[in-house]
Amino acid sequence: MASTQSASAFVEFDRVQKSYDGETLVVKDLNLSIAKGEFLTMLGPSGSGKTTCLMMLAGFETATHGEIRLGGREINNIPPHKRGIGMVFQNYALFPHMTIAENLSFPLEVRNIGKSEREEKVQRALNMVEMGSFGARRPAQLSGGQQQRVALARALVFEPALVLMDEPLGALDKQLRETMQFEIKRIADDLGITVVYVTHDQTEALTMSDRVAVFEDGRIQQLAPPDELYEQPCNSFVAQFIGENNTLEGVVEKIAGGVALVRLDSGETIDTVPVNVSRKGERTRVSIRPERVETDAERLGADAHTLKAEVLEFIYMGDTFRTRLRVAGRDDFVVKTRNAPDRARLHPGQVIKIGWLPQDCRALDA
Amino acid sequence: MANITADLTPSKADTRLTTADGKPLKAALAAAQSHAKRRAFFLVLPLLLFILVTFVLPIGQMLHQSMYNPGFTLHQDVISKVKTPIMVNVRNWFDTNPPGSEPDEAAYAALAKDFLLLDELRAAGSVGTRVNYDLSGTRSLFTKTARKADKLEPPYKAALLEVDEKWANPEVWAVMRGASSAYTINFYLAAADLTRDVNGEIASVPDNRALYVKLFIRTLLLSVLITFLTFILAYPVAHLLATLPLRYSNLLMIFVLLPFWTSLLVRTTSWMVLLQSQGVINNALVASGALADDNRIQMMYNQTGTVIAMTHILLPFMILPLYSVMRPINPSYVRAARSLGATSWTAFRRIYFPQTIPGIGAGALLVFILAVGYYITPALVGGADGQLISNLIAFHMTRSLNWSMAAALASILLGGILILYWLYDRLIGIDNLKLG
Chain A
1283 MASTQSASAF VEFDRVQKSY DGETLVVKDL NLSIAKGEFL TMLGPSGSGK
1333 TTCLMMLAGF ETATHGEIRL GGREINNIPP HKRGIGMVFQ NYALFPHMTI
1383 AENLSFPLEV RNIGKSEREE KVQRALNMVE MGSFGARRPA QLSGGQQQRV
1433 ALARALVFEP ALVLMDEPLG ALDKQLRETM QFEIKRIADD LGITVVYVTH
1483 DQTEALTMSD RVAVFEDGRI QQLAPPDELY EQPCNSFVAQ FIGENNTLEG
1533 VVEKIAGGVA LVRLDSGETI DTVPVNVSRK GERTRVSIRP ERVETDAERL
1583 GADAHTLKAE VLEFIYMGDT FRTRLRVAGR DDFVVKTRNA PDRARLHPGQ
1633 VIKIGWLPQD CRALDA
Chain B
1110 MANITADLTP SKADTRLTTA DGKPLKAALA AAQSHAKRRA FFLVLPLLLF
1160 ILVTFVLPIG QMLHQSMYNP GFTLHQDVIS KVKTPIMVNV RNWFDTNPPG
1210 SEPDEAAYAA LAKDFLLLDE LRAAGSVGTR VNYDLSGTRS LFTKTARKAD
1260 KLEPPYKAAL LEVDEKWANP EVWAVMRGAS SAYTINFYLA AADLTRDVNG
1310 EIASVPDNRA LYVKLFIRTL LLSVLITFLT FILAYPVAHL LATLPLRYSN
1360 LLMIFVLLPF WTSLLVRTTS WMVLLQSQGV INNALVASGA LADDNRIQMM
1410 YNQTGTVIAM THILLPFMIL PLYSVMRPIN PSYVRAARSL GATSWTAFRR
1460 IYFPQTIPGI GAGALLVFIL AVGYYITPAL VGGADGQLIS NLIAFHMTRS
1510 LNWSMAAALA SILLGGILIL YWLYDRLIGI DNLKLG
């Protein structure tokens, strides 16, 4: 790929590679442009290179090859304290020997900002995260969620244009995590800052981001807005990693008119959208989201392909039903249906017909 | 819900809570826990006894000995263990005459009478030794007089002066008066280079005999220097240990601990091999031409030798507490400081260093206390001016056999350390101490 420098990009990775030991690449040819004010999430399993990318951007790791630009300026050789990037750490990294106010005051002190202005900014930042009355406490006296808010305020108090967050909500319980997701999103939007957010939690990535970069094996597998990522995964890793997914394996029989006919290993044929299959005879994994599967034969269109399915398990989950089926020889086919009055509750052993719209069924790489 | 509140209300009304069957809650709790408490007590009992016998009692005895010396007042027969009060008449005379009074004929008569008993008990040597502690050269005065005790005739003053003219010396009488009470602070005075003059007033000893204060100050200064040197050397090593990957840090840790596992004597003597004027370092310097053969550096049998060897030997006591404090410091603290705009020096000074202070305190306290009481190394490599106060304590224990003096010096050392400990607690807080 040629140089990707574009006028609108605020943060740019240009053909960046990173190796720790000189034998293997942790980050392989990373090209990424982030616009000003964008909320971009780097999502991936551990060891996929996402945190390394964040650390290179923050300046704690050096790129082995390639350029990293911030606001059009190359920052490869600029030490972290001169980059002016706010950062929120996974364990918050609040200085334990300082009070909350001193923690927030620290970045202002090293910038030689006067005392009265410092105090005003600290108070404003604490108020922003609703921690205004906690300035005199020590980090150890706060709960995890409160520490998280303080860490956020500290990363923002010196008004950086770019804030990096390294799995900031990883240590919180589920309910608090959801509250904080919206809180962070709200503050980022209010301040108009650019955020690069690293997480391995796909729900977090989908709910907060403008765009999500899915990392695996040192590469970005897909870079797309959340809805596109979920509904149109471009390969089977992304389909598996984002959300729940049913996979059926087979061979392409025919590709014509934007539809690929796939013969499953069990013998049935289905219509799919060809994503990364291009010729007859190629092996493929077909991906269907559990909530796009229809179990009620009457609701299916006349031309829909149907498969025979045996109910193995039916789980009542409150707002949804979760049914595990045996389909095309696989025991792990899951269907989610909304709990509505007109929906039948299925019973194990029952044999039904299932189907879906052809566009919801994507033929991906094997 | 309703019946629970109904149950709670009456017990809230009378302040003492009771169990379901009406026993007081506190008594029930004590009964329920008594078995576990008793068992816990029996488990620690052996250690408690051990500490009592090996630690508390000896220290108590040392403190007692530093203020109690019956050498002039009580004689114990070596075989029969019978205790006999001695020098009774002279002590009576001291009691009735104020300090500084000229010894009269009555005093000499009392002395002659006491010497008869000393001669009979063969106790003149030990009494002489006791007086000799305070005024050297007087032991023979007592043994000589005791031999002639049965031939003494009135007038006793003339008779005793006939035996030895020293009996007219007011200093001898002043020292005997000082020793006439078994309980005395004279040993503490001596340890502070003070003495009692002929009138019983406290006065400084002549400069040429002043020894202890200088030695205390030297011990303190050298200990401070050694503590500082170990800190300077240990801090980067501990940091390296704490930040290296585990397989390297384990190897490095073995290098730190290896001297720890070697005998102290071996380590000290290997320093002697290295440092002496015909030693490895001097020979290497001479061989390389950096040093003339007749100009070898004197690194041993002086303070330099003591400082070098003790710094090395005490180094692990500084490294280990520092390491234990540095290990859990998450690297993200420094990273956070850097991302917030601090230079690496500011990040170290304001974020990393303050978090290591408990380890510095623990290491410094440990090294300092060990250094103040160190004995073997200064004894072997210290020479004349590298001796510390502990060497003098050992001298009084083994050579001069003035155990009271040794006890007084040791008590002062103990007191000084307790004061330092108290200061540390006030300044840094003992709960901040992290030894590992």
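In the order they appear, the protein sequences are chains A and B. For the first sequence, the working numbering gives the first residue as 1283, with consecutive numbering after it. For the second sequence, the working numbering gives the first residue as 1110, with consecutive numbering after it. The C-beta atom is built at its ideal place from N, Cα and C for all residues, glycine as well. Owing to the predicted nature of the structure, the values given are computational and were not obtained by experimental measurement.
Check	Outcome
Given V1445 of chain A as reference, the closest of A:F1464, A:T1476, A:Q1430 once Cα atoms are compared	A:T1476
Cutoff 7 Å; reference N1511 of chain B; Cβ partners in own chain excluding five residues on either side	Y1242, H1505
Top-ranked residue by Cα proximity to L1646 of chain A, from A:A1340, A:E1349, A:K1332, A:V1559	A:V1559
Which of helix, strand or coil DSSP assigns to D1116 of chain B	Bear in mind that a pLDDT of 48 at D1116 of chain B, under 50, signals an unreliable position, so the model cannot answer this.
Chain A contact residues for I1478 of chain B, given Cβ-Cβ distances below 9 Å	Residues of chain A passing the Cβ test: none, with the nearest at roughly 26 Å.
Coarse secondary structure for Q1287 of chain A, derived from DSSP in three states	Note that Q1287 of chain A scores a pLDDT of 47, beneath 50, so its modelled location is shaky; the value from the coordinates is reported in the next line. It is coil, neither helix nor strand.
Within chain B, the residues that P1508 of chain A reaches when beta carbons sit closer than 9 Å	Within 9 Å Cβ-Cβ: nothing; P1508 of chain A doesn't reach chain B, min ~28 Å.
Limits of the unbroken beta strand (DSSP E) element including C1516 of chain A	Per DSSP, C1516 of chain A belongs to no beta strand (DSSP E) and is neither H nor E.
Bridge partner(s) assigned by DSSP for S1569 of chain A	A:T1529, A:R1644
Rounded straight-line distance, which links the Cα of K1266 of chain B to that of D1213 of chain B	8 Å
The beta strand (DSSP E) enclosing P1487 of chain B, as first and last residue numbers	Run containing P1487 of chain B: none in the beta strand (DSSP E); it sits in the alpha helix (DSSP H), 1485 to 1490.
Three or more C-beta pairs below 8 Å linking the stretch 1294 to 1308 of chain A and the stretch 1453 to 1471 of chain A	no
Span separating the alpha-carbon of E1580 of chain A from that of I1634 of chain A	12 Å
Supposed close pair R1147 of chain B, P1208 of chain B - CB separation, criterion 8 Å	Between P1208 of chain B and R1147 of chain B the Cβ distance is about 58 Å, and since that is not below 8 Å, they are no contact.
Within 8 Å, strictly: CB atoms of L1376 of chain A and A1433 of chain A	yes
A1591 of chain A - containing beta strand (DSSP E), residue span	1588 to 1598
V1478 of chain A at chain B interface by Cβ criterion, 8 Å	no
E1384 of chain A - containing alpha helix (DSSP H), residue span	1382 to 1391
Proximal chain B residues relative to A1375 of chain A, where beta-carbon distance stays under 8 Å	N1439, S1441, Y1442, R1444, A1445
Alpha-carbon spacing of Y1344 of chain B relative to R1535 of chain B, whole angstroms	24 Å
Cross-strand partners of I1350 of chain A (DSSP beta bridge)	A:F1295
Residue nearest to A1586 of chain A in terms of C-alpha spacing, selected from A:E1576, A:E1343, A:Q1514, A:F1523	A:E1576
Beta-bridge pairing of Y1357 of chain B - partner residues as DSSP gives them	Its beta-bridge partners do not exist; DSSP assigns none.
Residue interval of the alpha helix (DSSP H) (run including L1330 of chain B)	1321 to 1352
Residues of its chain near S1328 of chain A, where Cβ-Cβ distance is below 8 Å and the 5 sequence neighbours each way are ignored	H1482
N1295 of chain B beta carbon less than 8 Å from that of R1305 of chain B	yes
Length of the line joining the Cα atoms of T1118 of chain B and K1132 of chain B	With a pLDDT of 47 at T1118 of chain B, under the threshold of 50, the predicted position of this residue should be treated as unreliable, and no value is reported.
Identity of the residue in B:A1517, B:I1528, B:M1427 nearest I1168 of chain B by Cα	B:A1517
Status (buried if at least 16 other CB within 10 Å, exposed otherwise) for W1282 of chain B	buried
Top-ranked residue by Cα proximity to V1541 of chain A, from A:S1548, A:V1568, A:F1523	A:V1568
Cβ separation of V1555 of chain A and L1336 of chain A, assumed to be a contact under 8 Å, to the nearest whole Å	Rounded, the Cβ-Cβ distance is 34 Å, inconsistent with contact.
Host alpha helix (DSSP H) of P1167 of chain B (start-end)	1166 to 1176
Coarse secondary structure for E1498 of chain A, derived from DSSP in three states	strand
Contacting residues, own chain, Cβ-Cβ under 8 Å from I1539 of chain B (five flanking each side not counted)	Y1530, Y1533
Neighbouring residues, chain B, relative to H1363 of chain A (Cβ below 9 Å)	A1446, R1447, S1448, L1449, G1450, A1451, T1452, S1453, T1455, A1456
Limits of the unbroken alpha helix (DSSP H) element including P1440 of chain B	1440 to 1448
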